[in-house]
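Taking it in order: structure first as structure tokens, then the write-up.
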Amino acid sequence: MKKDNLKIMLARLPMDIAYPESDKLQGFHGAPNSGLHIIAKAVKRKVPDADIRIYDGYIIRMDYLARVIETWKPDIVGATDQYPEHHNVLRFLEKGKSEGALTLAGGSNASNVADRMVINNDFIDGVVKGDGEDVLSDIALKISHSRDYPDFRKDIPNLVYFDGEVRENEQKLSSMDILFDFEDMALPNIDTSQAVEISTVRGCLKAQGTDKCSYCTSGSRYRTMDPDLMWEQVRLLHDKYGYNLFFESGDTIANEPLLRDLIETRPSELSDVGFRVYCSPKQMTPEMAELFREFNVRRLFLGVESVNDELLAAANRNYTVETIYSAIENAKEFPLHIPFLLGFPGETSDTLKNNLDFAKEIMRYKPETILLAGSVIPLAGSSLFNQMLEDEMIVIKYSGDLKKDDLIDYRELVGLYTSFYTDCSIDQVNETAEKIKSLTKKGNATTWPLPFYSH
7 MKKDNLKIML ARLPMDIAYP ESDKLQGFHG APNSGLHIIA KAVKRKVPDA
57 DIRIYDGYII RMDYLARVIE TWKPDIVGAT DQYPEHHNVL RFLEKGKSEG
107 ALTLAGGSNA SNVADRMVIN NDFIDGVVKG DGEDVLSDIA LKISHSRDYP
157 DFRKDIPNLV YFDGEVRENE QKLSSMDILF DFEDMALPNI DTSQAVEIST
207 VRGCLKAQGT DKCSYCTSGS RYRTMDPDLM WEQVRLLHDK YGYNLFFESG
257 DTIANEPLLR DLIETRPSEL SDVGFRVYCS PKQMTPEMAE LFREFNVRRL
307 FLGVESVNDE LLAAANRNYT VETIYSAIEN AKEFPLHIPF LLGFPGETSD
357 TLKNNLDFAK EIMRYKPETI LLAGSVIPLA GSSLFNQMLE DEMIVIKYSG
407 DLKKDDLIDY RELVGLYTSF YTDCSIDQVN ETAEKIKSLT KKGNATTWPL
457 PFYSH
């Protein structure tokens, strides 16, 4: 018997209380959250009459979300999980389970602590490791036909669950052929003065090989959306909502063949829309600058990280300080957004000063630049985190169970990491970060906050 009116509640949760309200991801990770809306469209391909409501916790309190669960009684409750939101993700899913919902988590943080989550939290029915489109759409289809989740969960790709032991199903990449809009947004959160997030690229070319950056948590294979389809997505959001600025959230849009294809296929009526993109200093060549100019890049996120060759090499960044200077010269016509990561292994008071001096030099050269800075975070899934797992002294000193916990105190972990692997204190790191950020003009600083690096 087919189940009618399948109700699905998806949410990005508020940041946990440990992270300041001012550190919201809006502007860095776009609002609304495009990933949840792509998943919703995937579900409706298979279950057209599904009632899906998407909530953005950056504008909604936890108690409001709890009341929705109590009164609406969704069949499925799902959350996207970034590390600053993890505690609230757990609270949200526990509430969903208490009201009888099937509970699922996904996102970058959940992917890297999936096994820990299903072991530690019996109110979580499954964790998505990787792409979520096929996971939720397959589950929704089977539940809509009144099948029981325990009977089919073994057949769902990318799903991790607990059944006496951790079970991890085969990995499958979703096809990047879904166009999204915001029709399933429960409460409007559309601001066309800001960039809207799209995803033409998934994964990272560099992370696929052996040259993955030490702090990187990416585990997804690099692939791209068809250029014509990408422009259809841009047109949809431009025509329906009035967006003119698009945040390409992929790490490797600076791919010459891809950019040439996008430029060649660009419809003339979309010639004025602009983009905000990422680029590594190594990629920022004169040829790339010309492609960015043709693509209409309006803000360039240039991943400088540090201006100390030894630290860059240890982090597997594959460029040097000389490369950084060349990149900034090549990018001189673009508004820049430059992050500094402080506290790499081997950091000293002198290398911290080098970063601060360089930041001052940048602001003299390009005063409109937005500077971001904070400590390196050894996130689960990174080689830095794995290094800490193998260090018994850190494992002993950490107040929780570093080898088993899914709710990890990264503030404590950063402090331990800094004391064990650098020749500076966490106070020196934080003070330098604040000095660098303070160089940004106040009118610019509020536009693109970067909570990932704020401690």
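Numbering (this note's numbering), first residue to last: 7 to 461. Each residue gets a CB set at the ideal place from its N, CA and C atoms; glycine is no exception.
Nearest-angstrom beta carbon gap, A56 and A116 [assumed within contact, 8 Å]
To locate residue 116, count along the sequence shown from 1; it is residue 110. To locate residue 56, count along the sequence shown from 1; it is residue 50. No, A116 and A56 are not in contact; Cβ-Cβ is about 22 Å, not under 8 Å.
By the 10 Å Cβ neighbour count, where 16 or more other Cβ atoms means buried, how is L318 classified, buried or exposed?
Numbered from 1 along the sequence shown, position 312 holds the residue referred to as residue 318. L318 is buried by the Cβ-count criterion.
Cβ pair count under 8 Å reaching 3, the region 364 to 377 against the region 322 to 342
Here the region 364 to 377 lies against the region 322 to 342, with 3 or more beta-carbon pairs under 8 Å apart.
Opposing strand residues paired with L306 [DSSP bridges]
Taking the first residue of the sequence shown as position 1, residue 306 is located at position 300. DSSP output for L306 lists V283, L342 as bridge partner(s).
Taking DSSP's pairing of strands, which residues face E311 in a bridge?
Residue 311 sits at position 305 when you count from the first residue of the sequence shown. Note: E311 is bridge-paired with F346 in the DSSP secondary-structure output.
How big is the Cα-Cα spacing for K47 and L306?
Along the sequence shown, one-based indexing puts residue 47 at 41. Along the sequence shown, one-based indexing puts residue 306 at 300. Taking the CA atoms as reference points, K47 sits about 30 Å from L306.
So, Q214 versus R227, is the Cβ gap smaller than 8 Å?
One-based indexing of the sequence shown puts residue 214 at position 208. One-based indexing of the sequence shown puts residue 227 at position 221. The criterion of a C-beta distance shorter than 8 Å is satisfied by Q214 and R227.
Return the chain-ordered list of same chain residues with a C-beta closer than 7 Å to the C-beta of L242, the five sequence neighbours on each side being excluded.
For the purposes of this step, residue 242 is taken as residue 236 along the sequence shown, with counting starting at 1. Here the set comprises L185, D187.
As assigned by DSSP and simplified to three states, the class of K372:
For the purposes of this step, residue 372 is identified with residue 366 of the sequence shown, where counting begins at 1. It is coil, neither helix nor strand.
Classify M15 as helix, strand or coil using the three-state DSSP reduction.
The residue given as residue 15 occupies position 9 in the sequence shown. When DSSP states are grouped into helix, strand and coil, M15 belongs to the strand group.
Could you pull the DSSP bridge partners for I204 from this structure?
As a first step, residue 204 must be located in the sequence shown, where it is residue number 198. Answer by DSSP bridge pairing, in chain order: E254.
Would you decide whether R73 is buried or exposed? Buried here means 16 or more other CB atoms lie within 10 Å of its CB.
Counted from its first residue, the sequence shown places residue 73 at position 67. Counting Cβ neighbours within 10 Å, R73 comes out exposed, since fewer than 16 surround it.
Would you mind stating whether L362 and T438 have Cβ atoms separated by less than 8 Å?
Taking the first residue of the sequence shown as 1, we reach residue 362 at position 356. Taking the first residue of the sequence shown as 1, we reach residue 438 at position 432. L362 places its beta carbon less than 8 Å from that of T438.
Is it buried or exposed for M399, if we count other Cβ within 10 angstroms and need 16 for buried?
The residue labelled residue 399 in the question sits at position 393 within the sequence shown. Flag for M399 reads exposed.
So, are the CB atoms of I130 and A111 less than 8 Å apart?
Position 124 of the sequence shown, counting from 1, holds the residue named residue 130. Position 105 of the sequence shown, counting from 1, holds the residue named residue 111. The Cβ atoms of I130 and A111 lie closer than 8 Å to each other.
Between which two residues does the beta strand (DSSP E) carrying I414 extend?
Stepping through the sequence shown from its first residue, residue 414 is reached at position 408. Careful: I414 lies outside any beta strand (DSSP E) and carries neither H nor E.
So T354 is in the alpha helix (DSSP H); what residue range does that whole segment cover?
If you number the sequence shown from 1, residue 354 lands on position 348. No residue range can be given for T354, since it is assigned to no alpha helix (DSSP H) and is classified by DSSP as neither H nor E.
Sorted by chain position, which residues of the same chain lie with C-beta nearer than 6 Å to L264's C-beta, five sequence neighbours on each side aside?
Sequence index remark: in the sequence shown, residue 264 carries index 258 (1-based). Short of 6 Å from the beta carbon of L264, and not among the five residues preceding or following it, lie these beta carbons of its own chain, in chain order: T230.
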